[in-house]
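Okay, so here's the structure we're looking at.
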Amino acid sequence: GGAGQAMVIGATAPVNLESEREKWLSDPDHYNPLFFYKDNEAAQRAARSVTPSGALAGLAERVLDGVLHKYGSESGYHAAVWGDVLTREEADEMVREYLTSNGMEGLVRVVWSSKSLVTNFCHSSSSKQRGGTLKLVAREGYYRRERLRGLLDHELGTHMTRAYNHRTGTPPWSLSHTPYFLSLASEEGLASLNTHQHLTDTSLFQPALLYWTCHQASKLSFCHLAKALERFVDDPSRRWLECVRAKRGLADTSLPGGLAKDQSTFDGLVRLLRFRNRLDPFLIHSCKASLETYEEAQRAALRR
17 GGAGQAMVIG
27 ATAPVNLESE
37 REKWLSDPDH
47 YNPLFFYKDN
57 EAAQRAARSV
67 TPSGALAGLA
77 ERVLDGVLHK
87 YGSESGYHAA
97 VWGDVLTREE
107 ADEMVREYLT
117 SNGMEGLVRV
127 VWSSKSLVTN
137 FCHSSSSKQR
147 GGTLKLVARE
157 GYYRRERLRG
167 LLDHELGTHM
177 TRAYNHRTGT
187 PPWSLSHTPY
197 FLSLASEEGL
207 ASLNTHQHLT
217 DTSLFQPALL
227 YWTCHQASKL
237 SFCHLAKALE
247 RFVDDPSRRW
257 LECVRAKRGL
267 ADTSLPGGLA
277 KDQSTFDGLV
287 RLLRFRNRLD
297 PFLIHSCKAS
307 LETYEEAQRA
317 ALRR
């Protein structure tokens, strides 16, 4: 199920990231990191849990090329669209305001993590507690104003809201099981649509980049992937992060393969946009319906 699979994905966080990052930065053209995990077998199982696809790679590439044509570089896009860099205090203030204005005070514990690669929300496992924990990335300069607003719409406005409404619905929601990748694609695709709703440019650059990078990672070593990424990502520390996201789960990153889970976002986005005229925004945030169980949720909503 989804929860079990999420636990498996958690096994793909390398424990020696910092030391490998230093080695790679000193020789990015030749060094392929060797990653260690708390449980190497669980990490490798997770890497095999999603099959990479190239079906949307051409579309993803056109999105990326379009953004580069407009802004010159990824850094140029971030500066123009993601807003000013925030201090930790400013980010904390934004999160507090978001929780207050959306009636979420008391439901969300906010923690800054030096280990997190990306912002994420973990649902409470307790049936009594309805909310969960928002993990923020402690790296200096990581957050920009408009980007953080989008990430809050993603993590809290989508993931937390859907889970909370699903768990507290009366009568309880009961929907058919959706295969893991399709369920993830609907969840992450919707969250990504919400991420972009207030941005001045809705080009879907980051989801397209994740999809394209995972597709390339299935064929390339870490250092060859980083080289290929130079076309779209001008900052070496950002290239490192994108390569880690796509190659995690492997111990020896000179081998092709990695974790293709992040393809789910762009895949889900494309399918949601194709169905957008048939979706009720209220219903899709009222429960954890996937595109596959949406009609079932519509029928259940009529009976409520």
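At position 225 of the sequence shown the residue is numbered 241 (the working numbering), and the sequence of numbers has no breaks. Every residue gets a Cβ at the ideal spot worked out from N, C-alpha and C, and that includes glycine.
Three-state secondary structure assigned by DSSP to V83: The count along the sequence shown starts at 1 and reaches residue 83 at position 67. If DSSP states are grouped into helix, strand and coil, V83 belongs with the helices.
Test item: CB-CB of K151 and V124 under 8 Å: Residue 151 sits at position 135 when you count from the first residue of the sequence shown. Residue 124 sits at position 108 when you count from the first residue of the sequence shown. No, the pair does not count as a contact, with Cβ atoms beyond the cut-off.
Residues near C230 in its chain [Cβ-Cβ closer than 6 Å; skip 5 each side]: Residue 230 sits at position 214 when you count from the first residue of the sequence shown. For C230, where only same-chain residues beyond five positions count, the Cβ hits under 6 Å are P68, A262, A276, D278, Q279.
Inter-stretch contact (C-beta, 8 Å, three-pair minimum) for the segment 236-245 and the segment 287-304: no
Which residues DSSP lists as bridging V153, in chain order: The residue labelled residue 153 in the question sits at position 137 within the sequence shown. According to DSSP, which records beta bridges pairwise, V153 is partnered with S129.
C-beta atoms of S130 and A154 nearer than 8 Å: As a position in the sequence shown, residue 130 is number 114, starting the count at 1. As a position in the sequence shown, residue 154 is number 138, starting the count at 1. Using a Cβ distance threshold of 8 Å, S130 and A154 count as a contacting pair.
Beta-carbon gap between F291 and V83 smaller than 8 Å: As a working note, residue 291 is residue 275 in the sequence shown. As a working note, residue 83 is residue 67 in the sequence shown. Not a contact, by the Cβ cut-off of 8 Å.
DSSP state of N136 mapped onto helix, strand, coil: Sequence index remark: in the sequence shown, residue 136 carries index 120 (1-based). Note: N136 maps to strand in three-state DSSP.
For G148, the three-state DSSP class (helix, strand or coil): Counting from one through the sequence shown, the residue named residue 148 turns up at place 132. The answer is strand: DSSP assigns G148 an E or B state.
Neighbour-count burial assignment, H214, 16 or more Cβ in a 10 Å radius: The count along the sequence shown starts at 1 and reaches residue 214 at position 198. Label assigned to H214: exposed.
Reduced DSSP secondary structure (H/G/I, E/B, other) of V124: Counted from its first residue, the sequence shown places residue 124 at position 108. Looking at V124 - three-state DSSP - the assignment turns out to be strand.
Nearest-angstrom beta carbon gap, C303 and R178 [assumed within contact, 8 Å]: What you label residue 178 is simply residue 162 of the sequence shown in a count that begins at 1. What you label residue 303 is simply residue 287 of the sequence shown in a count that begins at 1. Right, the Cβ-Cβ distance comes to about 7 Å (below 8 Å), so this counts as a contact.
Nearest candidate by alpha-carbon position, reference M120, set E203, S234, N181: Here the question's residue 120 lines up with position 104 in the sequence shown. M120 has its Cα closest to that of N181, out of E203, S234, N181.
With 16 other Cβ atoms within 10 Å as the buried cut-off, status of L241: Translated into the one-based positions of the sequence shown, residue 241 becomes position 225. The residue in question, L241, is buried, as its Cβ has 16 or more Cβ neighbours within 10 Å.
A76 beta carbon less than 8 Å from that of Y227: Along the sequence shown, read from residue 1 onward, the residue named residue 227 stands at position 211. Along the sequence shown, read from residue 1 onward, the residue named residue 76 stands at position 60. Yes, they are a contact pair.
Local conformation of L206 per DSSP, three classes: As a working note, residue 206 is residue 190 in the sequence shown. Note: L206 maps to helix in three-state DSSP.
Among Q60, P272, N48, nearest to A27 - alpha-carbon criterion: For the purposes of this step, residue 27 is taken as the residue at position 11 of the sequence shown. Considering only alpha carbons, the answer is Q60.
Per DSSP, the bridge partner or partners of V101: Along the sequence shown, one-based indexing puts residue 101 at 85. Bridge partners of V101: R160.
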